[in-house]
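These notes concern the structure reproduced below.
Okay, structure coming up:
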């Protein structure tokens, strides 16, 4: 959605502390970077399947933070993936909330609308104010405060036209700090209307209104959350799937397991290994085949143990010293096996 109005220090209620815009941020624990999305798989007897969606960069930076969600009425893996990605990107990108108050004249939007905040204190420079005079012939605006243009890049100024809609035009030059020559003057720009700057080095700060409350003194309190317009493109274009894999006789081939790890521990002189893994998609009746081998003296691999489990963890006990390889693959109720995933580890004698 396009923004419907610009708010700056000149068209909001100024509190006693001189800070009209009050910001808060979401807690780190509320910013999930992995989500298990439950959806209905028509290729698996209309049973519930689970799509695992992750943001690997966020996991590497903050650690794994998983949540679950039900995609009600979803019968497409791609739709389930986008639902999970939408949740992740919303929590990771839109972390800020702003609260401020306006008079009745300044109430120019309804809940759900996108608004722009030009806060001088937050930006560290003058980014908004009022237009004192308009000269359409010379395409010059006189502003209520001085501005400074960067040495390079394109600077835009947001104005309000005669229809009450925000319009952005290019700033071509500034004289005496307040006389701004623009590429064109939109029809209906009036004196004392609001303006806001969009600098090449300063990201436009957009918010989506979530509530409007009437105060006792006749003003209106507004709460808005951060809005990232690129989020939709990230969600729709950020996921790619292989071709349709439902061409098998008995349903869908299980996917390969992910994040396979092997943790070696010693207990009373006995070595144990705890294997853990994740599965990006759960189908009915899926289980996991495990195969543990050790490197022999002749360079070959010798089979140590095999196992089958429906869990995503398994413990091997009474292991000898050596170089091991663990292979795990998913298998469905019809015996169809997914691609194997392997991890190597070493059990060595403790240092003397």
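Numbering (UniProt numbering), first residue to last: 1 to 352.
Think of the CB as a built atom: it goes at the ideal place given N, C-alpha and C, for glycine as much as any other residue.
Distance check between residue 293 and each of 325, 70, 339, 199 places 325 closest, using alpha-carbon atoms only. With three or more CB-CB distances shorter than 8 Å, the stretch 60–76 counts as touching the stretch 38–47. Residue 226 counts as buried, since at least 16 other C-beta atoms from the protein chains shown sit within 10 angstroms of its C-beta.
In terms of CA proximity to residue 230, 94 leads the group 61, 57, 34, 94. Sequence-distant Cβ neighbours of residue 177 in its own chain, meaning closer than 6 Å and more than five residues away, are 146.
If you draw a straight line from the Cα of residue 132 to the Cα of residue 107, it is about 21 Å long. If the five residues before and after residue 223 are omitted, its C-beta is found closer than 6 Å to the C-beta atoms of 99, 210, 211, all from its own chain and listed in chain order. Between residue 310 and the set 289, 266, 262, 321, the nearest pair of CA atoms involves 289.
For residue 235, the enclosing alpha helix (DSSP H) begins and ends at 231–237. Beta-bridge annotation (DSSP): residue 342 is paired with 327.
For residue 113, the closest alpha carbon among the candidates 97, 207, 314 is that of 207. The beta carbons of residue 10 and residue 164 sit no closer together than 9 Å.
In the structure shown, the three-state DSSP call for residue 163 is coil. Between residue 53 and residue 88, the C-beta gap is smaller than 9 Å, which places the two residues in contact. Just so you know, the alpha carbons of residue 91 and residue 31 end up roughly 5 Å apart.
Closest option to residue 344, judged by alpha-carbon separation, among 335, 307, 350, 275: 275.
When only Cα atoms are considered, residue 86 and residue 192 end up about 40 Å apart.
DSSP places residue 50 in the strand class (E or B) of the three-state scheme. Between residue 154 and residue 186 a beta carbon distance of about 17 Å is seen, past the 8 Å cut, so the two are scored as non-contacting. Note that the stretch 14–22 does not touch the stretch 49–65; fewer than 3 beta-carbon pairs, one per stretch, sit closer than 8 Å. When beta bridges are read from the DSSP output, residue 14 appears opposite no residue. Proximity to residue 321 across 198, 5, 295, 340 peaks at 295, based on C-alpha coordinates. Taking the Cα of residue 254 as reference, the smallest distance to any Cα among 111, 194, 44 is reached at 44. Spatial neighbours of residue 348 in its own chain (CB-CB distance under 8 Å, excluding positions within 5 residues in sequence) are listed in chain order as 321. By the criterion of a C-beta distance shorter than 6 Å, residue 82 is surrounded in its chain by 235, once the five residues flanking it on both sides are discounted.
In the three-state reduction of the DSSP assignment, residue 65 falls in the coil class. In the displayed model, residue 59 falls within a helix according to three-state DSSP. Counting every other CB atom within 10 Å of its CB across the protein chains shown gives residue 166 a total of 16 or more, marking it as buried.
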